[in-house]
Amino acid sequence: GGFLGLDNISVLDRSVRLPGGGRLEQCDGTGWMAMFCLNLMRIALELAKDDPVYETLATKFFQHYVYVAAAMRRMGGGAGHPLWDAVDGFFHDVIRYPDGSYKRVQVRSLVGLVPLFAAERLCESELRQLPCFHRDFKWFLENRPELVAACVRKNVSADAYLLTAVDDHQMHALLQRVWDPREFLSDFGLRSLSRYHLEHPFVLDGDQVSYEPGDSHCCLKGGNSNWRGPVWFPTTFMMIESLRKLGKAYGPLMEINNPVAEEPPITFDKMAQGFADRLISIFTRAADGRRAVYGENEKFQNDPYWRDLILFYEYFHGDTGSGLGASHQTGWTGLVASLIDEWRK
3 GGFLGLDNIS VLDRSVRLPG GGRLEQCDGT GWMAMFCLNL MRIALELAKD
53 DPVYETLATK FFQHYVYVAA AMRRMGGGAG HPLWDAVDGF FHDVIRYPDG
103 SYKRVQVRSL VGLVPLFAAE RLCESELRQL PCFHRDFKWF LENRPELVAA
153 CVRKNVSADA YLLTAVDDHQ MHALLQRVWD PREFLSDFGL RSLSRYHLEH
203 PFVLDGDQVS YEPGDSHCCL KGGNSNWRGP VWFPTTFMMI ESLRKLGKAY
253 GPLMEINNPV AEEPPITFDK MAQGFADRLI SIFTRAADGR RAVYGENEKF
303 QNDPYWRDLI LFYEYFHGDT GSGLGASHQT GWTGLVASLI DEWRK
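Using our numbering, the letters of the sequence shown correspond one by one to residues 3 to 347.
Structure, rendered in structure tokens:
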């Protein structure tokens, strides 16, 4: 339990105790920690290229990643309620009660996609330059096979290891929903909640989650942000980064079946490019000369003194791309500059 951000994304207030002594097992909390471990491992490995003392720190973060990812596989499994819902093909939070009963929070949201963010690739050529980390890495693979089997894969493509918290089946199922315009794929990025819930709200004990692509309809966490449909830059950017890493690991060996029947299967790289293009398109002029970011604001759309002054909104309407929330959220929405630099060359 505990507050993890993503303010109102859940049907529950995740910062308060649940009635009846329930305990919330959260797939995004576990996924975030796996991602953080890999990010810190990568930072330590980069520092170790100049100062070998950081190799032991990289080992520590790698070990933490393995423990977290392995725990994610086991959570609730022995009691018959794992976080992965094989029927729905999605990760869902689970409420576990003292008497052994449970409820699955069957909401398709970013909560169930966060495990995809825990992805990293290690090449043998890189490992050979880091002898202490290489030694510890190999020891862990050889002596903790029951743990690494779930989250470290060798020779996916080329001579490299793929570190990921999801298996191939889960990856396929999740990314098919990610690339489905009826679910998470907006013309302007990655929706925070599946559009499926527009017609299929999820209700739990009288509380409801439905697809709200614009401003929030509830006042949870103050009501001044909304994770029930809008596009947010940081999470779409992290999806792009994960797809880029998976693309390098798998190359052409794996493609995701396109949910749109007439479209061919799509590679990880093309998905990453597609999301980058969608985020950039929020700010560029369409054929009619209008910018999605400014929606129906005619002053910013047409006034010659304002039309070329770009505001970096906090989040964006899940269907129209218009800017919402704070209008100077440059800290993460400014990532569009990085996307233009990397993907529009």
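Cβ coordinates follow ideal geometry from the N, Cα and C atoms, glycine included.
1. For D30, count neighbouring C-beta atoms within 10 Å of its own C-beta (all shown protein chains included) and say buried if the count is 16 or more, exposed if not.
2. Considering just the uninterrupted stretch of the beta strand (DSSP E) at R155, what are its terminal residues?
3. Mind reading off the beta-carbon distance from S12 to V113? Whole number of angstroms is fine, and I expect it under 8 Å.
4. Is the number of C-beta pairs between the stretch 145–158 and the stretch 230–238 that are closer than 8 Å three or more?
5. Within a Cβ cutoff of 6 Å, which residues of the same chain sit near A162, ignoring the five residues on either side of it in sequence?
6. What's the gap between the Cα of D305 and the Cα of A339?
7. Is the stretch 313–322 touching the stretch 184–193, taking contact as three or more C-beta pairs under 8 Å?
8. Any contact of the stretch 202–219 with the stretch 294–304, i.e. 3+ C-beta pairs under 8 Å?
9. L326 bridges to which residues according to DSSP?
10. Is S175 near G91, with beta carbons less than 7 Å apart?
11. Three-state secondary structure (DSSP) at E148?
12. Span of the alpha helix (DSSP H) holding Y198?
13. Of all the alpha helix (DSSP H) runs that stay within the bounds of the stretch 20–70, which reach a length of 4 or more residues?
14. Rounded to a whole number of angstroms, what is the C-alpha to C-alpha distance between W86 and M74?
15. Buried or exposed: which applies to A274, given that a residue is buried once 16 or more other Cβ atoms fall within 10 Å of its Cβ?
16. Where do the ends of the alpha helix (DSSP H) carrying V180 lie?
17. Runs of 3 residues minimum, wholly inside the stretch 84–127: which ones carry the beta strand (DSSP E) assignment?
18. Taking the alpha-carbon of L326 as reference, which of E257, R280, W229 has the nearest alpha-carbon?
19. For the candidate residues L14, I284, R76, D138, whose alpha-carbon lies nearest to that of Y315?
20. Who are the Cβ neighbours of R44 in its own chain at under 7 Å, not counting the five residues just before and after it?
21. Sorry if obvious, but does the Cβ on L40 come closer than 6 Å to a heavy atom of the ligand FAD?
22. When burial is assigned at 16 or more other CB atoms within 10 Å of the CB, is V96 buried or exposed?
23. Can you give the Cα-Cα distance for K272 and A328, rounded to whole angstroms?
24. For L177, I'd like the list of residues in its chain whose CB is within less than 6 Å of its CB, leaving aside the five on either flank, ordered along the chain.
25. So, for P267: in the same chain, excluding its five sequence neighbours on each side, which residues have a beta-carbon less than 8 Å away from its beta-carbon?
26. Could you tell me whether the Cβ atoms of R292 and Q303 are closer together than 7 Å?
In this structure, then:
1. Residue 30 sits at position 28 when you count from the first residue of the sequence shown. Buried.
2. As a first step, residue 155 is located in the sequence shown; it is residue number 153 there, counting from the start. Residues 154–156.
3. Translated into positions along the sequence shown, residue 12 becomes position 10. Translated into positions along the sequence shown, residue 113 becomes position 111. Correct: roughly 7 Å between the Cβ atoms.
4. no
5. Indexing the sequence shown from 1 puts residue 162 at position 160. Excluding positions up to five away in sequence, the list reads R123, C125.
6. Against the sequence shown, residue 305 aligns to sequence position 303. Against the sequence shown, residue 339 aligns to sequence position 337. Rounded to whole angstroms, D305 to A339 spans 24 Å at the Cα level.
7. yes
8. no
9. Sequence index remark: in the sequence shown, residue 326 carries index 324 (1-based). Beta-bridge pairing links L326 to Y317.
10. Along the sequence shown, read from residue 1 onward, the residue named residue 175 stands at position 173. Along the sequence shown, read from residue 1 onward, the residue named residue 91 stands at position 89. In the sequence under discussion, the amino acid at residue 175 is Ala, which differs from the Ser named in the question. Yes, the pair counts as a contact, with Cβ atoms nearer than the cut-off.
11. On the sequence shown, residue 148 is found 146 positions in, with the first residue counted as 1. E148 falls in the helix class under three-state DSSP.
12. Counting from one through the sequence shown, the residue named residue 198 turns up at place 196. From DSSP, Y198 is part of no alpha helix (DSSP H); its letter is neither H nor E.
13. 29–50
14. On the sequence shown, residue 86 is found 84 positions in, with the first residue counted as 1. On the sequence shown, residue 74 is found 72 positions in, with the first residue counted as 1. Approximately 9 Å between the Cα atoms of the pair.
15. Taking the first residue of the sequence shown as position 1, residue 274 is located at position 272. Its Cβ being crowded by 16 or more others within 10 Å, A274 is buried.
16. For this step, residue 180 is matched to residue 178 along the sequence shown. Element bounds for V180: 170–180.
17. 95–98, 104–107, 121–125
18. Stepping through the sequence shown from its first residue, residue 326 is reached at position 324. When each option's Cα is compared against that of L326, the closest is W229.
19. As a working mapping, residue 315 is identified with position 313 in the sequence shown. With distances taken between Cα atoms, Y315 lies closest to I284.
20. Within the sequence shown, numbered from 1, the residue matching residue 44 stands at position 42. Once the five neighbours on either side are set aside, the close Cβ partners of R44 are E122.
21. With respect to the ligand FAD, the structure shown offers nothing to examine, as it has no ligands at all.
22. For the purposes of this step, residue 96 is taken as the residue at position 94 of the sequence shown. Buried.
23. Within the sequence shown, the letter at position 270 stands for residue 272. Within the sequence shown, the letter at position 326 stands for residue 328. The alpha-carbon atoms of K272 and A328 are separated by roughly 31 Å.
24. As a working mapping, residue 177 is identified with position 175 in the sequence shown. So the qualifying residues of the chain are I258.
25. For the purposes of this step, residue 267 is identified with residue 265 of the sequence shown, where counting begins at 1. Hits under 8 Å: E257, I258, N259, N260.
26. On the sequence shown, position 290 is the one that residue 292 refers to. On the sequence shown, position 301 is the one that residue 303 refers to. Result yes, Cβ atoms of R292 and Q303 sit closer than 7 Å.
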